[in-house]
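In this note's numbering, the protein residues as written are 1 to 333.
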Ligand code: XIL
């Protein structure tokens, strides 16, 4: 029999975050991607700091490389993202302007990028990570000055900026499916309540929102009951549910002497399986936008660099070989 693949096994699109460097320059990377996946998300190439490095000057070359590869190989292309408090070009950090000037920056960026990718990108994460972890309020730089959790967008644009981001994106690309994307749904509590209130409120007002992205940057100590209940509550909104950035850390405590033991490998594999099974069981088929891993090879994961620790969060090892995590995921699909 033919060898099983993730995309053949999954009853929904199977995605990965990808870099333009990986798809253009790395044959191992291309090989795994083309064999296993049928959806892709740009890892960083479509974020604000890359796409508008100077005000009014747009840079689409890295994103276009990904989009062209996606089209050539018939992948679904998911756009990521227009608005995120962590992807700001230098000019925006020092931008001086009144509320209308800020609104113009915000609107121009969303509408210009959405228009550029119209017809090539099936869906967008319109706003990413707008909600605080601790109290479910919108991030607002004034609330916690200097702690890195704030958002200049909320500060300058007022509380309804998220709705306007969706409206602007929709005006430029009426066919794109539009998502609100965030992390921490599996914790339950105030952050999940707040995300559900946000997306339900937008939907009720007729704002063009199609789905919610549950990033799923989790670790092996995750409370699995929290994942199940979050998926059920998200599905109950009636919106599409995308597991948009899945990876499973095995070293959340940042142990510098850790090795990736077979016990850890098996625990990680069981969790990958659980997530695929729970997604299928908890989200009705028509609302499953798919599962996307954040990259697929441990050597390309953002986690070791971002958190400065050893880790092995993905289904393929650093040599692009299948790990137990891969087989767990495959089994759960
Ligand atoms: C990460 C990318 O993988 C890195 O290359 C980049 O330096 C920082 O961002 N949540 C998100 C993603 O929504 O955009 C982040 O991606 C990972 C966390």
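Even glycine gets a Cβ: it sits at the ideal position worked out from N, Cα and C.
Here the structure is a predicted model, which means the values were calculated and not measured.
Using the C-alpha atoms, what's the distance from residue j back to residue i?
i, j, result
"residue 286", "residue 280", "11 Å"
"residue 383", "residue 302", "Since the first and last residues shown for the chain are 1 and 333, residue 383 lies out of range."
"residue 342", "residue 47", "Nothing in the structure corresponds to residue 342, since the chain is present only between 1 and 333."
"residue 91", "residue 163", "25 Å"
"residue 78", "residue 41", "5 Å"
"residue 134", "residue 72", "43 Å"
"residue 20", "residue 67", "9 Å"
"residue 139", "residue 83", "13 Å"
"residue 80", "residue 267", "30 Å"
"residue 215", "residue 181", "7 Å"
"residue 114", "residue 207", "17 Å"
"residue 172", "residue 165", "11 Å"
Write down the C-beta distance between residue i and residue j rounded to the nearest angstrom, noting that I regard them as a contact closer than 8 Å.
i, j, result
"residue 17", "residue 295", "5 Å"
"residue 272", "residue 332", "7 Å"
If you run the structure through DSSP and keep just helix, strand and coil, what is residue i?
i, result
"residue 99", "helix"
"residue 211", "strand"
"residue 55", "coil"
"residue 80", "strand"
"residue 16", "strand"
"residue 259", "coil"
"residue 342", "Because the chain spans 1 through 333 in this model, residue 342 falls outside it and cannot be assessed."
"residue 290", "strand"
"residue 123", "strand"
"residue 40", "strand"
Among the residues of its own chain, which have a CB less than 7 Å from the CB of residue i, if the five just before and after it don't count?
i, result
"residue 252", "219 and 221"
"residue 226", "186, 187 and 188"
"residue 168", "107, 110 and 111"
"residue 290", "12, 13, 14, 15, 39 and 242"
"residue 269", "324, 325, 327 and 328"
"residue 179", "123, 124, 125, 126, 210, 211, 212, 213 and 242"
"residue 35", "5"
"residue 235", "241, 282, 283, 284 and 287"
"residue 184", "133 and 191"
"residue 89", "48, 49, 52 and 53"
"residue 87", "47, 48 and 49"
Nearest chain C C-beta to residue i closer than 9 Å, yes or no?
i, result
"residue 249", "Going by chain labels, chain C is absent from the structure shown, which holds only one protein chain."
I'd like to confirm something about residue i: is its beta-carbon nearer than 8 Å to some heavy atom of the ligand XIL, or not?
i, result
"residue 236", "no"
"residue 44", "yes"
"residue 80", "yes"
"residue 175", "no"
"residue 17", "yes"
"residue 128", "yes"
"residue 84", "yes"
"residue 183", "yes"
"residue 187", "no"
"residue 215", "yes"
"residue 47", "yes"
"residue 65", "no"
Can you find the residues in the same chain that come closer than 8 Å, C-beta to C-beta, to residue i, ignoring five residues on each side of it along the sequence?
i, result
"residue 304", "310 and 311"
"residue 239", "199, 203, 209, 210, 211, 212 and 287"
Which residues in the same chain have their Cβ closer than 6 Å to the Cβ of residue i, if we skip the five residues on either side of it in sequence?
i, result
"residue 260", "312"
Measuring only from the beta carbon, is residue i closer than 8 Å to any heavy atom that is part of the ligand ADP?
i, result
"residue 306", "In the structure shown, the ligand ADP is absent; the only ligands present are the ligand XIL."
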